[in-house]
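One structure is given below, encoded as structure tokens.
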Amino acid sequence: MESIQSPAKAPHSPSWYGGAIIVAALLHGAIRVFSRTTLLHNARRIEYRIRQDLYARLLALDLSYFNRERTGDLLSRFSNDLTNVRMLVGFGALNIINTAIVYLSALFLMARISPLLTLLAVIPFPMMIFVVKRISAAMFRRSKRAQEELARLTSAVEENVSAAAVVKAYCREEASIEAFAAVSRRYMASNMRMAQLRGLMIPVMAATGALGTLIVLVIGGQKVVAGLLTLGDFVAFNGYLAMLIWPTIILGWILNLMQRGAASMSRLNEVLLAEPGVTEPADPVTPARIAGMIELRRLSFSYGETPLLREISLVIPPGSRLGIVGPIGAGKSTLVRLIPRLFPVADATLFIDGTDINRLPLRTLRDAIGFVPQESFLFSRTVGENIAFGKGGADSGEIGAAARLASLDGDVARFPDGFGTMVGERGITLSGGQKQRTAIARALVKDPPILILDDPLSAVDAGTEEEILASLSGFYGSRTVIIVSHRLSALRGCDTIVYLEGGRIVEQGSNEELLARGGRYAALHREQQLRREMEEI
Amino acid sequence: MHFQGIYEDEIVGKAYDRRLLWRFAGYLRPYLHLVGTVLCILPLTTAAKLAQPWLIKQAIDNHIVTGDLAGLPAIALYFLLLILAESLLSFLEVWLLQYLGQRVMQDIRLELFSHVQRLSASFFDRTPTGSLVTRLTSDVEVLGEMFAAGIITVVGDVLLLAGIVGVMLWMNLHLSLVTFAVLPVLFWITFTFRRRMRGAFRQVRARLATLNTFLSESIGGMAIVQLFTRQREEMAEFTRLNGSYRDANMPVITWDAALYAAVETLSSVAVGLLVWYGSGEILAGTLTFGALVAFIQYIEKFFAPIRDLSAKYSVMQGAMAALERLFNLLDCNEVLAEGVPAPSPRPSPTGGEGEVSAYSGADDKKFPPPLTGGGKGEGERDIPFIRFTDVWFAYNGDDYVLKGFSLELRRGEKVALVGETGGGKTTVTRLLSRLYDVQRGGIELDGTDLRQIPLAGLRRRIGIVLQDPYLFTGTVEDNICLGDEGVRPRGRQAAALVGADRFIERLEKGYGEEVRERGNNFSVGERQLISFARAVAFDPEILVLDEATASVDTESERLIQEGLRGLMAGRTTLVVAHRLSTIRDADRIVVIHRGEKVEEGGHEELIAREGVYFRLYQLQFRG
Ligand SMILES: Nc1ncnc2c1ncn2[C@@H]1O[C@H](COP(=O)(O)OP(=O)(O)O)[C@@H](O)[C@H]1O
Ligand SMILES: Nc1ncnc2c1ncn2[C@@H]1O[C@H](COP(=O)(O)OP(=O)(O)O)[C@@H](O)[C@H]1O
Ligand SMILES: [Mg+2]
Ligand SMILES: [Mg+2]
Chain A
1 MESIQSPAKA
11 PHSPSWYGGA
21 IIVAALLHGA
31 IRVFSRTTLL
41 HNARRIEYRI
51 RQDLYARLLA
61 LDLSYFNRER
71 TGDLLSRFSN
81 DLTNVRMLVG
91 FGALNIINTA
101 IVYLSALFLM
111 ARISPLLTLL
121 AVIPFPMMIF
131 VVKRISAAMF
141 RRSKRAQEEL
151 ARLTSAVEEN
161 VSAAAVVKAY
171 CREEASIEAF
181 AAVSRRYMAS
191 NMRMAQLRGL
201 MIPVMAATGA
211 LGTLIVLVIG
221 GQKVVAGLLT
231 LGDFVAFNGY
241 LAMLIWPTII
251 LGWILNLMQR
261 GAASMSRLNE
271 VLLAEPGVTE
281 PADPVTPARI
291 AGMIELRRLS
301 FSYGETPLLR
311 EISLVIPPGS
321 RLGIVGPIGA
331 GKSTLVRLIP
341 RLFPVADATL
351 FIDGTDINRL
361 PLRTLRDAIG
371 FVPQESFLFS
381 RTVGENIAFG
391 KGGADSGEIG
401 AAARLASLDG
411 DVARFPDGFG
421 TMVGERGITL
431 SGGQKQRTAI
441 ARALVKDPPI
451 LILDDPLSAV
461 DAGTEEEILA
471 SLSGFYGSRT
481 VIIVSHRLSA
491 LRGCDTIVYL
501 EGGRIVEQGS
511 NEELLARGGR
521 YAALHREQQL
531 RREMEEI
Chain B
1001 MHFQGIYEDE
1011 IVGKAYDRRL
1021 LWRFAGYLRP
1031 YLHLVGTVLC
1041 ILPLTTAAKL
1051 AQPWLIKQAI
1061 DNHIVTGDLA
1071 GLPAIALYFL
1081 LLILAESLLS
1091 FLEVWLLQYL
1101 GQRVMQDIRL
1111 ELFSHVQRLS
1121 ASFFDRTPTG
1131 SLVTRLTSDV
1141 EVLGEMFAAG
1151 IITVVGDVLL
1161 LAGIVGVMLW
1171 MNLHLSLVTF
1181 AVLPVLFWIT
1191 FTFRRRMRGA
1201 FRQVRARLAT
1211 LNTFLSESIG
1221 GMAIVQLFTR
1231 QREEMAEFTR
1241 LNGSYRDANM
1251 PVITWDAALY
1261 AAVETLSSVA
1271 VGLLVWYGSG
1281 EILAGTLTFG
1291 ALVAFIQYIE
1301 KFFAPIRDLS
1311 AKYSVMQGAM
1321 AALERLFNLL
1331 DCNEVLAEGV
1341 PAPSPRPSPT
1351 GGEGEVSAYS
1361 GADDKKFPPP
1371 LTGGGKGEGE
1381 RDIPFIRFTD
1391 VWFAYNGDDY
1401 VLKGFSLELR
1411 RGEKVALVGE
1421 TGGGKTTVTR
1431 LLSRLYDVQR
1441 GGIELDGTDL
1451 RQIPLAGLRR
1461 RIGIVLQDPY
1471 LFTGTVEDNI
1481 CLGDEGVRPR
1491 GRQAAALVGA
1501 DRFIERLEKG
1511 YGEEVRERGN
1521 NFSVGERQLI
1531 SFARAVAFDP
1541 EILVLDEATA
1551 SVDTESERLI
1561 QEGLRGLMAG
1571 RTTLVVAHRL
1581 STIRDADRIV
1591 VIHRGEKVEE
1601 GGHEELIARE
1611 GVYFRLYQLQ
1621 FRG
């Protein structure tokens, strides 16, 4: 479209041609801005969509996925890999279209002048394609490798920043710098392996274009001399050929983008296609309300190969309270995490109100459960927002009431901004006990029929523990409550207590029954009693 | 307690390009030889590129038009050689540039990382992980893009331009001047765009950081999101952030496209002008046909680097926005000063300086005596080993968490710190390992103010079990020894001492078992035991236990107590605990309430006093 029209036929009315070129150029410019912005804006929209899909997928995946993957790796996919894909659908697409148009139009015009010469001019291209094909496959592999290294690097940073306190307390700064340097060097090496291929691609492309020119020069020149081709046609032909040089070089770059984009897309697909182990039921049963009867029928569970929970059977009547004790690693937390289906549960092993939990809509199931996890994770929002997290749109009255139930109100009153105080990432600016009580308040504000407390008072002092236990026993009412604890004091008032060990219930019964039985629970009781007495001496 | 997102969003300020670039140029200094090599190659590549159209002109004018084909093969040969040379040189160029870029990125990344390592705990309290991660990865990657786009070849492009301009002027002055008429327009456009582009790019970087911060937190808290069925709300928030990131990018694209189009259009206008003017000259006989063809090819080549420059232009602006953020972090100087004189120097106790600790009391033969240490006379036992004097401390402003807190620990003493949650117990332990500096008062170790002791030296003497155990990815053994070869031989012994060996040995791979992020494939109690073993393995002079057994069962707790009994002998120990049973054998108990010491003494003494401790005690053992 550009320089081509120029010396075509004889220079009859040159100023007309010149004018035409300028007009065409302005038009062309407008089209270019339009196509460029449209395509690139579109690429951003596609990026946006993919990112939305990625996040939506993360929200749907169960915890076993997050236990496997590293946060840094996921973050890297969301930013760096997505960038590569966007480059492909943006610049890549733009240039592919541009290049194709230029190629086709130039080839068409060239063929009109001399089909034979055109054929000769494109002889080097299949050669190039052959070379490029071989490079491309390697590029894909190396690019994927580089992206993986980048993800590793991201994870290293993420972990190091999260562990700042430990790193400092143990003077591991130098060691972590060294470890980071090693990861960084590996990333650099993988990038350099990419660079080799990139370096190779550009000259291959440039040489291809130049070779075509050479062939045309020699053969075409002879034709002109032999009178088979007019000088004007020959010059025009050369002009068209010159048009191809730049797009050919660009083609090399596009191929690079394509391989990188494809490699990154394959990494994104790993997330997009990850199968959630916990899904909505195909034929949901939606009860009007949940009374809170929980039944375990030969419930087994394993995180990996080795079974952790083995055939646990248990009935927890609605409105009753169950205490779970047992040594660390017995599977107590695992057991309670299965009830809201944070991990996949086998069919017909866990029932709520007689319905298999796999048939309850996830929202119905989880909305019915107030859960205080063993580790209190808070978001870097205000204390109030963290409590309200338990119930969308909870008003300040509800938040205050929940805080009072969890004995958090006193602390909040002393905070400079009250409920509006920001808590820092993971609640870092709160004391351990404050975090834990915020997590309790978050579960209580939900006002759920089932309440699960996993070692909820491990970080609070005896005085606060008493306070909370007292206010909780008022709250329990007709709710079904499950408490995991190492301190028997927290299990006061439980109707049933199970002693879990090695993934099995080894003892089960009321406090009195278990004491009378003289088994492990009784021993535990004795030990805690003994300590008390020892202190009283 | 205020969460100040200093590193969040909108970094405003003027763009100091020259200063930024100058500072950035400093990173090239170690690689001047590479830069030099590239700069030497560039003119050669340029020459090879320039010579090609000239050869074609020669072929047409001297051989094809005249019908003299004899000289054509020679020209073809030269042409071939030139192509070869150009290919080789450009391979070298691309490779070297990439290498250079990667090295510089690596240097900057390492400098950033090392810098972040030195920043104080308060910096980490308020800087979100996602934001820091973005800086060390994505922002640095943008610099890589700048190198890949060829900031160095800007020099080459300029050279190429100069060369082309020279040749064009030499070939035909009139035609050249006609062509260059478009240049002033180009300059004007470029300068107009710069400011807007930079502003847009800053937004882009800041919003990406915000998005990543949200994401990293959301991934960490996924269990909570799912438990409380907040997926819809989180998705809505993510959509908002994602959308605002997308929107921030749109103006950049528009500006970039406009610039690109301007260049393209101008290049066509130049050709148009040339044809219009040149054909007149050919008719007038002042221009050869070959010259016009060559000229048009030169214009193609002339605009290629300009096009290139304009494409680089937006990458450069993006990189500058990233550089601003990186330098911003590097300039953050939130570090604890080391070796500064204390505000209120106290007279040093006679002869007690430098030498540390005597572990004659360590009766546990299995565990080697501490690495640090040398004998000191018994007479010095009564000098306080650790002394908090009227300590006032606030994390933020004047929101004091410790208010005139004083505490003395003698060498080898075991002191327990108890009190209501939020009272400041953890804060005391943090101040002792100098994660923060006190605002008023002072803390001394062995008569020396903490601020005068090198940080590393201080922290190595203290082994602390943090309230929130943190495990790294790696193996169990790595987590106990933290990669310290000196500690490794003691690792398993330490695990045995705290009773962690019981569950570790049951693991499939034992001490080699893989630990996943944050130790999430271990139960909380198991994590606590591992982090306890870690503190013991480092064999510290001072042991600080911050609710170190809060999540373990009674049996494990008993095992730890038995294991530690020998270990603690001779070591100074500060224990924070809620379970009074774990502090029974403390030499002294200190009760802290809302940042103040309210009671102090032995167990019986405090019980007899019937104060706060007594009340706590009663509550816990009422049964
Ligand atoms: N996400 C996980 N992946 C693999 N193993 C796990 C995971 N979570 C816990 N485990 C293992 O399962 C066992 C039981 O853990 P848990 O239920 O947390 O114990 P606890 O009874 O102390 O609450 C532990 O030995 C732990 O190592
Ligand atoms: N990093 C921090 N930034 C701001 N405030 C903090 C931080 N850590 C703790 N606090 C506040 O300081 C007070 C004392 O906390 P802490 O020393 O952890 O108490 P505890 O006695 O329970 O260990 C609490 O009110 C807490 O909210
Ligand atoms: Mg647990
Ligand atoms: Mg604490």
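Heads up: the protein sequence lines correspond to chains A and B, in order. Sequential numbering from 1 applies to the first sequence in the working numbering. Sequential numbering from 1001 applies to the second sequence in the working numbering. Where a beta carbon is used, it is the ideal one built from N, C-alpha and C, also for glycine.
{"Query": "A/Glu-47 beta carbon near ligand 2 (any heavy atom closer than 8 Å)", "Result": "no"}
{"Query": "Closest by C-alpha distance to B/Glu-1237, when choosing among B/Gly-1272, B/Leu-1507, B/Ser-1218", "Result": "B/Ser-1218"}
{"Query": "DSSP-derived helix/strand/coil call for B/Ile-1151", "Result": "coil"}
{"Query": "Same chain, Cβ closer than 8 Å to B/Gly-1563, neighbours up to 5 away in sequence not counted", "Result": "Ala-1496, Leu-1497, Val-1498, Gly-1499"}
{"Query": "Residue closest to B/Lys-1509, alpha-carbon to alpha-carbon, out of B/Ala-1261, B/Arg-1518, B/Ile-1480, B/Thr-1475", "Result": "B/Thr-1475"}
{"Query": "Of the residues A/His-28, A/Met-201, A/Thr-213, the one placed nearest B/Ile-1056, counting alpha carbons only", "Result": "A/Thr-213"}
{"Query": "Contacts of B/Ala-1291 in chain A (Cβ-Cβ under 8 Å)", "Result": "Result: empty, since nearest Cβ-Cβ is about 11 Å, beyond 8 Å."}
{"Query": "Check: B/Ser-1531 C-beta below 8 Å from any heavy atom of ligand 3", "Result": "no"}
{"Query": "For A/Lys-391, the three-state DSSP class (helix, strand or coil)", "Result": "coil"}
{"Query": "Three-way DSSP call (helix, strand, coil) for A/Arg-185 in this model", "Result": "helix"}
{"Query": "B/Asn-1067 - DSSP class collapsed to helix/strand/coil", "Result": "In the sequence on display, residue 1067 of chain B carries Gly and not Asn. Coil at B/Gly-1067, not helix or strand."}
{"Query": "B/Gly-1423 beta carbon near ligand 3 (any heavy atom closer than 8 Å)", "Result": "no"}
{"Query": "Runs of beta strand (DSSP E) wholly within the stretch 323 to 402 of chain A (minimum 3 residues, chain order)", "Result": "350 to 352, 369 to 372"}
{"Query": "Range covered by the alpha helix (DSSP H) that runs through B/Gly-1525", "Result": "1524 to 1537"}
{"Query": "Cβ of B/Ala-1059 within 9 Å of any chain A Cβ", "Result": "yes"}
{"Query": "Per-residue DSSP class, three states only, for A/Arg-83", "Result": "The displayed chain sequence assigns Thr, not Arg, to residue 83 of chain A. Residue state, collapsed to three classes: helix."}
{"Query": "C-beta neighbour in chain A for B/Leu-1616, strict 9 Å", "Result": "yes"}
{"Query": "A/Asp-62 CB to nearest heavy atom of ligand 4 below 8 Å", "Result": "no"}
{"Query": "Distance cut-off 8 Å: B/Val-1401 Cβ against heavy atoms of ligand 2", "Result": "yes"}
{"Query": "Delimiting residues of the beta strand (DSSP E) encompassing B/His-1115", "Result": "Looking at the DSSP string, B/His-1115 is not in any beta strand (DSSP E); the run it does join, the alpha helix (DSSP H), is 1072 to 1118."}
{"Query": "Coil, strand or helix - B/Ser-1310 by DSSP", "Result": "helix"}
{"Query": "Where the alpha helix (DSSP H) through A/Lys-223 begins and ends", "Result": "221 to 226"}
{"Query": "Spatial distance of B/Ser-1176 from B/Gly-1272 (CA atoms)", "Result": "13 Å"}
{"Query": "C-alpha distance - B/Ser-1357 paired with A/Ala-406, whole-angstrom precision", "Result": "Residue placement at B/Ser-1357 cannot be trusted, given a pLDDT of 36 that sits under 50; the coordinates are not used to answer."}
{"Query": "Counted within 10 angstroms of its Cβ, other Cβ atoms place B/Gly-1377 as buried (16 or more) or exposed", "Result": "Caution is warranted here: a pLDDT of 41 is assigned to B/Gly-1377, below 50, making its placement in the model unreliable, and the coordinate value is therefore given only provisionally. It is exposed - the Cβ of B/Gly-1377 has fewer than 16 other Cβ atoms within 10 Å."}
{"Query": "Local conformation of B/Gln-1493 per DSSP, three classes", "Result": "helix"}
{"Query": "Limits of the alpha helix (DSSP H) - the one that B/Ile-1224 falls within", "Result": "1222 to 1227"}
{"Query": "Secondary structure, beta strand (DSSP E): runs of 3+ residues fully inside the stretch 422 to 481 of chain A", "Result": "450 to 454"}
{"Query": "Beta carbon proximity, A/Glu-47 to chain B, threshold 9 Å", "Result": "yes"}
{"Query": "Beta-carbon contacts of B/Gly-1611 that lie in its chain and below 6 Å, excluding the five residues immediately before and after", "Result": "Glu-1599"}
{"Query": "Contacts that B/Gln-1297 makes with chain C (C-beta to C-beta distance below 7 Å)", "Result": "Among the protein chains of the structure shown, namely A and B, there is no chain C."}
{"Query": "Closer than 8 Å: B/Ser-1551 CB and nearest ligand 4 heavy atom", "Result": "no"}
{"Query": "Exposed unless 16 or more other CB atoms sit within 10 angstroms - verdict on B/Gly-1071", "Result": "exposed"}
{"Query": "Option nearest A/Ser-320 by Cα separation, candidates A/Gly-19, A/Leu-524, A/Leu-451", "Result": "A/Leu-451"}
{"Query": "Residues that DSSP places opposite B/Gly-1442 in a beta bridge", "Result": "B/Thr-1389"}
{"Query": "Exposure label - B/Gln-1439; buried when at least 16 CB within 10 Å", "Result": "exposed"}
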